[in-house]
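In our numbering, the protein residues as written are 4 to 571.
A quick write-up on the structure given underneath.
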Amino acid sequence: MRVRVMGQLTVTDDDGAELSAGELPRRARQVLAVLAARHDRIQSKDALADAVWGDDLPGNHVAALEHYVSVIRRRLQPQGSAATNFIVTRSGGYLFDTTRAHLDLADLRRRVRDLDSLTPGSAERVAVYECILQLALDLPFAEDPYADWADSARTEVQIAAVNARLEIASAVLERDATRSLRLAQEAIDLNPFLEPAYRAAMDAAVAMGRPDDALRFFERCRKVLSDELGVTPSADLLRLHREIRAERQSESAGPRQPAPMAGSGRRPERFLGRVPQLRVVLEPDAPKVVHIVGPHGSGKSAFLAELARHMPGAVGIGYAGLAIGVHRLGWLRTALVQVGAGPDVLALVDAAPADTPMRLADIEAVGTTLIGPDPVFLAVDDAAELDRASVAELAWLSRHCPNLYLVLTYCYPSEITSKPVAGLGTPVVLRLEPLTETELAPLGDEAALIRTGGIPALVAVAHRPHEIASGVGMQTARGRTRWMPDPAWDVLRYCAVLGPLTAADLATLTGHPQTDVLSWIDHLVHAHLLIEGQNGEVGHRSSLIRDAVADQVSEASSRHLRDRLAAS
């Protein structure tokens with residue numbers, strides 16, 4: 004019997020026939036997965052229950068565990084016995100016995116241990132890495148990627164997968180630089196903070212006669228290390244970078260200079276946070292369609308720009324919005340230019356009908372730009388306004404371009420429920436929350452969180468002149484309350500003038516029932532404009548927005564509000 008936990012859980016019998024492991028109850032699959040992660044080690048029933056249920060233990064967790072183990076045995080080994088069952092009862096607990104069932108995770112761990120006895124660089128060592136690479140095509144326990152019990156195993160496999168790719172990339176560099184580069188890029192995708200992966204990619208790019216690509220890998224490495232870890236590349240990598248630049252400049256007829264990225268003449272604002280969201284989009288098994296949502300000023304456009312910096316030349320960003328009323332496919336044209344589309348393809352986009360999808364031959368020609376061995380991203384900012392024809396074209400491209408990934412941004416999921424773009428599906432929706440104190444720490448400003456509330460649009464202008472910062476704060480508040488009932492703005496005003504208030508206080512000031520006030524508070528908290536205190540009070544999340552709103556209230560009105568509150 005073979006049990007595979009890399010990727011989705013799969014179990015096959017001795018004849019290779021797949022068993023119905025996927026039809027096991029959810030908790031039974033988790034029990035099996037935890038035992039697989041800790042194979043050949045006895046797990047007490049308490050420890051096993053703690054891993055499976057966490058703080059939500061059932062009333063009799065021991066009985067529940069015994070039931071699920073019984074279900075696993077009946078479904079997967081209906082003819083089994085105490086002598087053959089691979090889930091073994093021992094010392095009052097259970098263990099996954101890998102002498103009775105082959106487990107891919109155990110195989111990988113054994114091969115990693117075998118490396119200790121092999122000479123570095125030897126053919127035998129490379130052969131073992133090839134086996135590890137085949138075993139670790141996917142991370143284990145895909146059904147529970149964020150479970151605490153799965154974390155160490157997933158990290159262990161990820162490290163093994165990265166090391167295998169780098170070792171093989173080095174071994175095949177001279178005879179197959181193309182594969183070496185692909186393996187190095189996969190290692191970067193798995194761990195974007197690992198400098199040796201960038202070194203391997205640079206070496207492979209140079210071996211292929213592509214020094215410009217090598218320099219771009221260096222810039223990507225420098226950017227990630229600086230922004231996320233606060234360090235600079237090593238002396239060895241800096242030396243390699245200088246050598247590549249010197250050799251490139253000394254060539255009498257060097258390769259064509261890459262076209263500058265849009266807006267490269269202006270130094271971009273420092274990008275903070277969003278590492279988990281970037282990993283979701285860039286990981287090897289990334290979803291084909293990702294929705295990035297967040298209210299006005301949450302950094303959606305900046306997220307797309309950062310994505311483009313992580314994948315130079317592989318991300319095309321177009322803006323839909325109201326601009327589609329001028330040129331329906333203006334967003335697509337802009338995106339295609341950024342991924343290197345030729346003039347013939349751009350001419351087809353310019354000639355597209357205003358209200359119907361492109362002809363099949365034309366959309367196929369566009370697709371040729373997006374088909375290749377490496378991932379390509381089409382990102383549409385303010386995608387809620389995409390019309391039916393544009394959505395049809397995107398759906399066709401997504402289906403027929405295997406390595407094409409779509410990233411769509413807009414404010415709220417409810418915004419698209421009745422719009423054509425909903426037809427693309429919402430497999431993954433990532434909401435951009437305010438930046439945390441830890442994410443703001445690189446700024447070296449202890450007051451940043453209080454002043455900005457972690458709202459990216461405010462972080463970007465927090466130290467600009469008062470007129471600019473206040474204007475952005477007011478615009479952010481207006482943008483986030485645009486869809487709310489008018490009295491919600493009054494709640495913001497009252498909290499700006501009077502400080503934190505209870506729902507009862509606000510009901511008195513607005514003259515509306517407390518149930519209505521609570522609804523408006525919910526909206527404002529969800530929009531990250533208000534934050535709840537310990538005593539049931541709500542106040543402004545950002546002092547910058549608070550002050551901007553308060554500036555719009557006259558002293559006479561402020562005095563009147565204070566008097567009303569005091570008299571209540």
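The beta-carbon is built from N, C-alpha and C at its ideal position, and this holds for glycine as well.
Identify whether residue i lies in helix, strand or coil by the three-state DSSP scheme.
| i | result |
| --- | --- |
| Tyr1 | With the chain running from 4 to 571 in the structure shown, residue 1 is simply not present. |
| Asp384 | strand |
| Val342 | coil |
| Arg113 | helix |
| Pro258 | Unreliable positioning characterises Pro258 in this predicted model, as indicated by a pLDDT of 40, which lies under 50. A coordinate reading is not provided. |
| Val552 | helix |
| Val348 | helix |
| His330 | coil |
| Met9 | strand |
| Tyr149 | coil |
| Tyr132 | helix |
| Arg567 | helix |
| Gly542 | strand |
| Arg269 | With a pLDDT of 35 at Arg269, under the threshold of 50, the predicted position of this residue should be treated as unreliable, though the coordinate-derived value follows. Arg269 falls in the coil class under three-state DSSP. |
| Ala221 | Sequence inspection shows Phe at residue 221; the Ala mentioned does not correspond to that position. If DSSP states are grouped into helix, strand and coil, Phe221 belongs with the helices. |
| Val464 | coil |
| Gly324 | helix |
| Glu286 | coil |
| His403 | helix |
| Phe306 | helix |
| Pro263 | Here Pro263 scores only 38 on pLDDT, less than 50, and its place in the model is too uncertain to base an answer on. |
| Pro236 | coil |
| Ile458 | coil |
| Thr15 | strand |
| Val369 | helix |
| Leu106 | strand |
| Pro143 | strand |
| Ile374 | coil |
| His299 | coil |
| His244 | helix |
| His531 | coil |
| Val175 | coil |
Going by Cα to Cα distance, which pick from the options is closest to residue i?
| i | options | result |
| --- | --- | --- |
| Leu27 | Val72, Met9 and Gly10 | Val72 |
| Thr299 | Val278, Leu136, Asp566 and Arg483 | The question names Thr, but residue 299 is His in the sequence shown. Cα-wise, what sits closest to His299 is Arg483. |
| Asp377 | Arg182, Leu108, Arg157 and Ala39 | Arg182 |
| Leu495 | Leu409, Ser546, Pro61 and His70 | Ser546 |
| Ala3 | Met211, Leu186 and Arg213 | With the chain covering 4 to 571 only, the question about residue 3 has no answer from this structure. |
| Gly447 | Glu246, Ala465, Asp141 and Asp288 | Ala465 |
| Pro459 | Ser473, Glu470 and Thr479 | Thr479 |
| Thr513 | Arg567, Phe220, Asp119 and Arg114 | Arg567 |
| Ser229 | Gly343, Glu198, Arg202 and Ala249 | Glu198 |
| Leu285 | Ala317, Ala305 and Gly302 | Ala317 |
| Leu136 | Arg202, Val115 and Asp147 | Val115 |
| Leu373 | Arg29, Trp399, Glu558 and His529 | Trp399 |
| Ala167 | Pro61, Asp508 and Ala130 | Ala130 |
| Ala507 | Ala190, Arg362 and Asn538 | Asn538 |
| His531 | Ala145, Ala569 and Thr455 | Thr455 |
| Ala392 | Gly370, Pro423, Ile419 and Val14 | Pro423 |
| Thr420 | Leu389, Arg331, Glu189 and Ala156 | Leu389 |
| Gly96 | Leu79, Leu68 and Gln82 | Leu68 |
| Arg178 | Val160, Asp53 and Asp206 | Asp206 |
| Thr15 | Leu307, Glu470, Arg78 and Trp56 | Arg78 |
Please report the Cβ distance between residue i and residue j, rounded to the nearest whole angstrom; I am assuming they are in contact, meaning their Cβ atoms lie under 8 Å.
| i | j | result |
| --- | --- | --- |
| Leu443 | Gly457 | 7 Å |
| Pro290 | Val431 | 5 Å |
| Asp288 | Asp384 | 25 Å between Cβ atoms; not a contact. |
| Asp2 | Phe99 | What is shown of the chain runs 4 to 571, which leaves residue 2 out entirely. |
| Leu176 | Ala126 | The pair is not a contact, with the Cβ atoms about 15 Å apart (cut-off 8 Å). |
| Thr505 | Glu535 | Not really, about 11 Å apart at Cβ, beyond 8 Å. |
| Ala382 | Ala338 | 7 Å |
Examine chain B for any beta-carbon lying closer than 7 Å to the beta-carbon of residue i, and answer yes or no.
| i | result |
| --- | --- |
| Leu501 | Among the protein chains of the structure shown there is no chain B, as only one such chain exists. |
Is the number of C-beta pairs between the stretch 360-374 and the stretch 397-405 that are closer than 8 Å three or more?
-> yes
What alpha helix (DSSP H) runs, 4 residues minimum, are completely inside the stretch 467-529?
-> 469-484, 490-501, 506-513 and 517-529
In chain order, each alpha helix (DSSP H) run of at least 4 residues that lies wholly inside the stretch 20-97 | 29-40, 48-56 and 64-79
Enumerated in chain order, which unbroken segments of the alpha helix (DSSP H) with a length of 4 residues or greater are wholly contained in the stretch 195-219?
-> 198-210
Contact between the stretch 73-93 and the stretch 23-39: three or more CB pairs below 8 Å?
-> yes
Per the contact definition of three or more C-beta pairs closer than 8 Å, is the stretch 5-24 in contact with the stretch 100-113?
-> yes
Is the stretch 145-153 close to the stretch 166-175, with three or more CB pairs under 8 Å?
-> no
With contact counted as at least three CB pairs below 8 Å, one residue from each stretch, are the stretch 295-309 and the stretch 406-419 in contact?
-> yes
Report the residue ranges of all alpha helix (DSSP H) runs contained in full by the stretch 406-450; include only those spanning at least 4 residues, in chain order.
-> 440-443
Are the stretch 273-280 and the stretch 234-253 in contact at 8 Å, needing three or more beta carbon pairs?
-> no
Determine, using beta-carbon pairs with one atom in the stretch 538-556 and one in the stretch 308-317, whether at least three such pairs fall under 8 Å.
-> no
Three CB pairs or more closer than 8 Å across the stretch 519-536 and the stretch 486-503 = yes
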